[in-house]
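Below: the structure, in structure tokens.
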Amino acid sequence: MNIDLEDLRAFVATAEMRNFGTAAESIHLSQPALTRRIQKLEQALGVTLLERTTRRVELTAVGRDFLGRARRLLDDFETSLLSVREIAERRSGLVSIACIPTAAYYFLPDVVRAFNTAYPAIRIRIVDDGANEVLQSVLNREVDFGITLLGADDPDVLFAPLVEEPFMLACRTDHELAKRASVTWSDLAEHRFITVGRSSGNRLIIDLGLGRAGIRPKWFYEVQHLSTSLGLVEAGLGIAALPRMSLPTGDHPTIASRPLKDPVVTRTVGLVRRVGSTLSPSAERFYTMMMERWQDR
16 MNIDLEDLRA FVATAEMRNF GTAAESIHLS QPALTRRIQK LEQALGVTLL ERTTRRVELT
76 AVGRDFLGRA RRLLDDFETS LLSVREIAER RSGLVSIACI PTAAYYFLPD VVRAFNTAYP
136 AIRIRIVDDG ANEVLQSVLN REVDFGITLL GADDPDVLFA PLVEEPFMLA CRTDHELAKR
196 ASVTWSDLAE HRFITVGRSS GNRLIIDLGL GRAGIRPKWF YEVQHLSTSL GLVEAGLGIA
256 ALPRMSLPTG DHPTIASRPL KDPVVTRTVG LVRRVGSTLS PSAERFYTMM MERWQDR
């Protein structure tokens, strides 16, 4: 059907005012142009909507029924335009982020607080998952962007580094290695070592970094999440190599951290987004704010 919004506006105005001249003035059309639009609408629908008399215009039974539908169509369209405009002006919308758990704790709270202050009506959805899952969520278009440690070499994503951090030894404060200022990877051989599974991005980085030095730590416990490693360390069951941001800050009554060297193994955490993707205005602003705040730091 060849119907447009101006046809609907012409019909609604005429039906409400019951006069062609007054209706034409209200929507800034000439009376002949208004008449042509209503005739076009009636021809497209195959029904008569208005009965014309010498004095006034009356709705037919079909016209009365269609008037309510036409009003709803126009209202829905105007509401949709307002919503799009609000999103474009960053007054409303949704930002969807996937991130590794340590980033959710370390990076996000400060930026989320500042973003909420600036744009209180924009909702934020955070999906905390493993590094591989974060990357896949970005590639599958399930989220706007991700915070992870994989993707720098992936041709399908753009990787913007935020911070490079070393892996540190984590042990109990009463462990003998806690007495040292720093520890080598070779020193770990005499102790029960806790590692993360091979599906973890952190495990991949450690294996690659130590492989170049010909070092392969023998693990005693294998877990899937860094938080589990930290729990076992706190319980005194072993030691672990963890990225610095996953460790407690300041003095901790139970857990100590020491630099690991020979070699120093680091990971880079950054923002990932699909190549060629266009972020929504809300997501673009959050992305920019994240980059600005962490570059300043």
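The numbering used here puts the first residue of the sequence shown at 16, with every later residue one more than the last. Ideal placement from N, C-alpha and C gives every residue a C-beta, glycine not left out.
The distance from the Cβ of I18 to that of L56 is about 6 Å, consistent with a contact at the 8 Å cut-off. Between G166 and S152, the CB-CB gap reaches or exceeds 8 Å.
Nearest Cα to R156 within the set R308, L23, G291, M304: G291. If you check the CB distance, F182 and L257 come in under 8 Å.
Taking C-beta atoms under 8 Å as the contact rule, V172 and R289 qualify, at a distance of about 6 Å.
With a beta-carbon spacing of about 6 Å, L23 and L89 fall inside the 8 Å limit used to define contacts. For secondary structure counted as the beta strand (DSSP E) over 3 or more consecutive residues, the stretch 151-176 holds these complete runs in sequence order: 160-163. With distances taken between CA atoms, Q54 lies nearest to A25 out of A25, E31, A196. Selection L262, L275, I209 evaluated against A255 yields I209 as nearest (Cα-Cα). Excluding its 5 nearest sequence neighbours in each direction, K276 has C-beta neighbours in its own chain below 7 Å: S197, T199, listed in chain order.
By the C-beta criterion, the stretch 211-227 is judged not to be in contact with the stretch 290-310, since fewer than 3 inter-stretch pairs fall below 8 Å.
The closest CA to that of D80, considering only T68, R67, V62, is found on V62. For S297, the closest C-alpha among the options A133, P263, T50 is that of A133. Residues L109 of the same chain have their beta carbon placed closer than 6 Å to that of R138, with the five preceding and five following residues left out of the count. In summary, T188 is exposed, with fewer than 16 beta-carbon neighbours lying within 10 Å of its beta-carbon over all protein chains present. Boundaries of the beta strand (DSSP E) around F208: 208-211.
The three-state reading of DSSP puts F81 in helix, counting H, G and I together. According to the DSSP secondary-structure assignment, E31 is paired through a beta bridge with no residue.
Under the DSSP definition of a beta bridge, I254 partners with F208. Annotation for R140: S111 place their beta carbon closer than 6 Å to its own, counting only its chain and skipping 5 residues before and after.
A straight-line Cα-Cα distance of about 12 Å links S41 and R33. Residue range 46-60 is occupied by the alpha helix (DSSP H) that includes K55. Annotation for E249: no beta strand (DSSP E) segment contains it, though the alpha helix (DSSP H) segment containing it runs 241-249.
The beta strand (DSSP E) runs lying completely inside the stretch 102-147 and spanning 3 residues or more are 108-114, 137-143, given in chain order. At a Cβ-Cβ threshold of 8 Å, V280 and G212 do not count as neighbours.
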